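Q: This is the structure, below, for whatever I ask next.
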Amino acid sequence: MSFAPHIQIRSWLKQSAERAATLTKLKVWGLAAVLGVLTAYGVIGFILAIEWITEVAYGEPGSMLAEGARALSPLRAFLVPAIGGTIVGFLLWWSRRSGWIPDFRCQGVAEVIEARARPPGAITLRGGLVNTAVCALALGSGSSAGREGPAVLLGGSISVFLSKQFGLSAKDSRTLLGCAAAAAVSAAFNAPIAGVLFALEVVLSNYALSIFAPIALSSIIATLIARYHLGDLHRFVIPEYGGAAPLDLALGGSLGIICGIVSIAFLVVAAWGRSSTRWAVSRLHLPPAVLPVVAGIGMGGIGIFFPEVLGYGYQATSEAIAGSYSFSLLVILLVVKIFAIVLCLSCRFGQGVFSGGIYLGAMSGAAFGIVMNLAFGNLVASPAFFAMIGMGAVSGAIIGAPISTTLIIFELTGDYTMTAALMIAVGIATVLTQIFFGSSWFHYQLNQRGYDLSEGPQGVILQTIRVRDVMRPVPKDAMPLEEGVERLGANQTLGEALAVMAKLDVDAMPVTKTRTDNTLVGILTESRALKIYNKALVESLIEHHR
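For the sequence shown, the UniProt record's numbering gives the first residue as 1, with consecutive numbering after it.
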């Protein structure tokens with residue numbers, strides 16, 4: 001009996017060691033810290049490159065781009081984006097031809113989410129660096145896109161490189177991808193808390209305890225480095241708005257409905273622009289390299305009359321918050337900005353929608369605030385209050401991240417009085433967008449590539465595991481399959497294979513290189529497919545809850 005306490009202590013220590021091995025992996029933590037440093041400096045370089053190009057092109061830094069464009073002659077204001085689009089088109093064409101990027105487009109958050117679902121996706125370090133340079137040039141020359149997408153992609157490309165170099169498992173690679181996303185958002189927006197939640201909510205769709213600490217470590221390190229070099233500054237100066245009354249909370253719900261309508265309108269127009277561009281390339285045989293040129297020319301024409309929509313629009317957003325714009329100008333800028341963002345995204349002239357969502361929300365909220373002040377006078381807060389709410393509601397609905405967007409807006413503004421109304425508006429706008437559009441912008445992009453991540457881990461498994469990964473191969477000299485025999489293609493997904501076998505009510509099927517080919521490469525049984533699926537599902541559930 002005297003040895004019982006010692007046995008209990010040893011058992012407790014053994015269990016603690018097992019839990020520690022699960023929750024804390026020193027290699028992952030170390031790489032998370034390194035990734036925070038590398039991503040922070042990468043994002044800082046990206047931001048400084050945009051600022052330098054903007055200053056050379058417009059005579060003012062990015063934060064004052066509208067003022068710089070307004071001071072230029074109409075010819076130069078037109079030529080800067082047009083020349084920028086031409087150079088971007090050439091760089092994308094050359095990079096695609098050289099094999100540096102997988103497709104003729106700028107990459108962003110959607111590619112990082114795809115890499116989480118199907119590691120390593122289409123992300124490479126070389127592609128990330130090329131994408132950063134191209135997007136910096138596009139934004140510096142006036143592209144009406146955002147910088148969060150390229151920043152997250154840059155961090156993601158670094159994380160994929162580190163994961164390969166150190167031989168990390170798929171689970172640890174996903175954790176490192178989340179670290180990269182958090183570090184990028186934190187460095188770009190001076191928002192460490194929101195950076196962590198963005199990684200958990202948008203990129204990983206996972207809140208497991210084991211991944212939280214390394215992601216938080218990367219986010220904090222990136223924030224400290226960015227603040228050291230760029231200063232601890234909020235992106236927008238918030239004027240005094242007179243406090244928030246109970247009526248303002250109710251009006252925040254009404255603004256949420258309006259922001260939901262704006263978000264839906266943007267997403268519908270963006271989807272139309274994307275499909276129209278595909279049609280032009282395939283049916284009209286329009287060279288893809290011409291698309292950024294078209295966008296640059298379009299932005300040049302728009303910039304002559306509305307320089308406020310050029311770039312990611314922080315100056316115009318600040319002016320809207322400050323109450324410098326009339327109701328009619330706010331509505332005009334809202335409509336023109338939607339068209340400008342869609343033009344740039346559809347024509348590969350930049351990437352990123354979060355900054356655009358902030359802009360659209362600020363215009364919507366400020367316009368709503370003007371109407372409410374005319375209707376209720378001093379009983380409600382100033383338009384600045386509603387502009388801040390609109391910033392969070394529209395951007396959150398577009399990217400499908402109500403929690404992290406609420407915190408990003410809070411950390412961007414440094415103000416918490418309007419948080420309750422902001423949460424109401426963000427929730428309403430996001431629900432309306434999901435009802436009438438069906439997904440966020442990132443998930444829409446993935447849906448267009450054949451990935452539907454809305455069904456959770458089980459859906460991801462069924463879409464990412466291929467028949468070639470689970471079939472039993474046959475000898476290379478096996479007899480070809482006869483015509484008319486039902487077969488599976490090696491590149492089909494596990495979900496498609498199970499659906500076909502269930503429809504035909506068979507226990508096994510032959511596998512050929514493609515569904516139209518007769519070369520037999522393997523056999524897939526239903527029992528083996530279900531065994532692989534169940535194993536992957538258990539591993540996924542453990543990863544999401546530990």
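Every residue gets a Cβ at the ideal spot worked out from N, C-alpha and C, and that includes glycine.
Remember, predicted model here, so these are calculated numbers, not experimental data.
Can you tell me whether G450 is buried or exposed? The criterion is at least 16 other CB atoms within 10 Å of its CB, across all chains shown.
A: Stepping through the sequence shown from its first residue, residue 450 is reached at position 450. The residue in question, G450, is exposed, as its Cβ has fewer than 16 Cβ neighbours within 10 Å.
Q: Take V185 and list the residues in its own chain whose beta-carbon comes closer than 6 Å to its own, dropping the five residues that flank it on each side.
A: Residue 185 sits at position 185 when you count from the first residue of the sequence shown. G195 and F198, listed in sequence order.
Q: Going by beta carbon distance, what residues of the same chain come within less than 6 Å of G68, once the five residues before and after it are set aside?
A: As a working note, residue 68 is residue 68 in the sequence shown. Taken in chain order, the residues that qualify are Y58, G59 and E60.
Q: Can you tell me whether W94 is buried or exposed? The criterion is at least 16 other CB atoms within 10 Å of its CB, across all chains shown.
A: In the sequence shown, residue 94 corresponds to position 94, counting from 1. So W94 ends up on the exposed side.
Q: What are the residues that DSSP puts in a beta bridge with V511?
A: The sequence position of residue 511 within the sequence shown is 511, counting from 1. L488 and G522, per the DSSP bridge assignment.
Q: Tell me the DSSP secondary structure of R97 in three-state form.
A: The residue labelled residue 97 in the question sits at position 97 within the sequence shown. In the structure shown, R97 sits in a helix (DSSP, three-state: H, G or I).
Q: To which residues of the same chain is G85 closer than 6 Å at the C-beta, ignoring the five residues directly before and after it?
A: Within the sequence shown, numbered from 1, the residue matching residue 85 stands at position 85. Within the same chain, G85 has close Cβ partners P292, V293, A295, G296 and F349.
Q: Specify the secondary structure class of P102 as computed by DSSP and reduced to three states.
A: Position 102 of the sequence shown, counted from the first residue, corresponds to residue 102. Looking at P102 - three-state DSSP - the assignment turns out to be coil, as it is neither helix nor strand.
Q: When the Cα atoms are used, what is the spatial distance from V152 to R70?
A: Start at 1 with the first residue of the sequence shown, and residue 152 comes out as number 152. Start at 1 with the first residue of the sequence shown, and residue 70 comes out as number 70. For V152 and R70, the distance between alpha carbons rounds to 31 Å.
Q: How is T493 classed by DSSP in three states: helix, strand or coil?
A: Residue numbering aside, residue 493 sits at position 493 when the sequence shown is read from its first letter. Correct three-state label for T493: strand.
Q: With distance defined between alpha-carbon atoms, name the residue in E411, F354, F90 and M388 nearest to V130.
A: Translated into positions along the sequence shown, residue 130 becomes position 130. For the residues E411, F354, F90 and M388, the minimum Cα distance to V130 belongs to F90.
Q: When burial is assigned at 16 or more other CB atoms within 10 Å of the CB, is N190 buried or exposed?
A: Start at 1 with the first residue of the sequence shown, and residue 190 comes out as number 190. Under this definition N190 is a buried residue.
Q: Check whether the Cβ of G438 sits closer than 8 Å to any heavy atom of the ligand GTP, and report yes or no.
A: Among the components modelled here there is no ligand, and therefore nothing to report on the ligand GTP.
Q: On the three-state DSSP scale, how would you describe R76?
A: Along the sequence shown, read from residue 1 onward, the residue named residue 76 stands at position 76. Here R76 sits in helix by DSSP.
Q: How many Å lie between A367 and R126 at the Cα?
A: On the sequence shown, position 367 is the one that residue 367 refers to. On the sequence shown, position 126 is the one that residue 126 refers to. Cα-Cα distance, rounded: 44 Å.
Q: Note the first and the last residue of the continuous alpha helix (DSSP H) segment covering M471.
A: The sequence position of residue 471 within the sequence shown is 471, counting from 1. Here M471 belongs to no alpha helix (DSSP H), and DSSP marks it neither H nor E.
Q: Closest by CA to E526, which one among V538, V511, G167 and L79?
A: The residue you call residue 526 lines up with position 526 of the sequence shown. It is V511.
Q: Here's a check: name, in chain order, each residue in its chain whose Cβ is nearer than 7 Å to the Cβ of F3, leaving out the five neighbours to either side.
A: Taking the sequence shown and counting its residues from 1, the one referred to as residue 3 is at position 3. Confidence at F3 is low in this model, with a pLDDT of 48, below 50, so the placement of that residue should be treated as unreliable; the coordinate-derived value is given next. Closer than 7 Å at the Cβ level, and outside the excluded window around F3, lies no residue.
Q: So within the segment 233-316, which uninterrupted alpha helix (DSSP H) runs reach at least 4 residues, ignoring any that extend past its ends?
A: 246-283 and 291-305
Q: Taking just the CA atoms, how far does S219 sit from I193?
A: Against the sequence shown, residue 193 aligns to sequence position 193. Against the sequence shown, residue 219 aligns to sequence position 219. Using only the alpha carbons, I get a separation of about 8 Å.
Q: Quick check on DSSP: helix, strand or coil for L481?
A: Here residue 481 is taken as the residue at index 481 of the sequence shown, counted from 1. In the structure shown, L481 sits in coil (DSSP, three-state: anything other than H, G, I, E or B).
Q: Along the alpha helix (DSSP H) that carries V134, what are the first and last residues, could you check?
A: In the sequence shown, the residue the question calls residue 134 occupies position 134. Taken as a continuous stretch (DSSP letters only), the alpha helix (DSSP H) holding V134 covers L125 to G140.
Q: Does DSSP put K25 in a helix, a strand or coil?
A: For the purposes of this step, residue 25 is identified with residue 25 of the sequence shown, where counting begins at 1. The answer is coil: DSSP assigns K25 none of H, G, I, E or B.
Q: Under DSSP, the alpha helix (DSSP H) around P214 begins and ends at which residues?
A: Along the sequence shown, read from residue 1 onward, the residue named residue 214 stands at position 214. First-last of the alpha helix (DSSP H) with P214: L209 to L230.
Q: Pick out whichever of D505, A384, A425 and A387 has its Cα sitting closest to the Cα of I403.
A: Here residue 403 is taken as the residue at index 403 of the sequence shown, counted from 1. Residue A425 is the option with its Cα nearest to I403.
Q: Between A250, A183 and L498, which lies nearest to G42 when the distance is taken from Cα to Cα?
A: Working through the sequence shown from its first residue, we reach residue 42 at position 42. Looking at the Cα atoms, A183 is the closest of the given residues.
Q: In this structure, does DSSP put D172 in helix, strand or coil?
A: For the purposes of this step, residue 172 is taken as residue 172 along the sequence shown, with counting starting at 1. Note: D172 maps to helix in three-state DSSP.
Q: Taking just the CA atoms, how far does S173 sit from A208?
A: Indexing the sequence shown from 1 puts residue 208 at position 208. Indexing the sequence shown from 1 puts residue 173 at position 173. When rounded, the distance between both Cα atoms is 15 Å.
Q: Starting from G68, follow the alpha helix (DSSP H) in both directions and report where the run begins and ends.
A: Taking the sequence shown and counting its residues from 1, the one referred to as residue 68 is at position 68. For G68, the enclosing alpha helix (DSSP H) covers residues L65 to A71.
Q: Applying the criterion that 16 or more other CB atoms from any shown protein chain within 10 Å of the CB defines a buried residue, is A77 buried or exposed?
A: Counting from 1 along the sequence shown, the entry for residue 77 is found at position 77. Buried, because 16 or more other Cβ atoms sit within 10 Å of the Cβ of A77.
Q: Is it a yes or a no for the segment 339-348 touching the segment 263-277, going by three-plus beta-carbon pairs under 8 Å?
A: yes
Q: Starting from E148 and walking both ways along the alpha helix (DSSP H), at which residues does that stretch end?
A: As a working mapping, residue 148 is identified with position 148 in the sequence shown. E148 to Q165 is the extent of the alpha helix (DSSP H) around E148.
Q: I'd like the span of the alpha helix (DSSP H) that includes S388, first residue to last.
A: Here residue 388 refers to the residue found at position 388 when the sequence shown is read from its first residue. This sequence places Met at residue 388; Ser is not what is there. First-last of the alpha helix (DSSP H) with M388: P383 to I399.
Q: Pull up the distance between the alpha-carbon of residue 547 and that of I158, whole angstroms please.
A: It is not possible to answer for residue 547, since the shown part of the chain is limited to 1 through 546.
Q: Whole angstroms is fine: what's the gap from V112's alpha carbon to L446's?
A: Residue mapping note: residue 112 aligns to position 112 of the sequence shown, counting from 1. Residue mapping note: residue 446 aligns to position 446 of the sequence shown, counting from 1. If I take the Cα positions, the gap works out to 11 Å.
Q: Around the Cβ of M1, are there at least 16 other Cβ atoms within 10 angstroms (buried) or fewer (exposed)?
A: What you label residue 1 is simply residue 1 of the sequence shown in a count that begins at 1. In this prediction, M1 has a pLDDT of 46, which is less than 50 and means its spatial position is unreliable; what the coordinates show is noted afterwards. Exposed is the label assigned to M1, since fewer than 16 other Cβ atoms lie within 10 Å of its Cβ.
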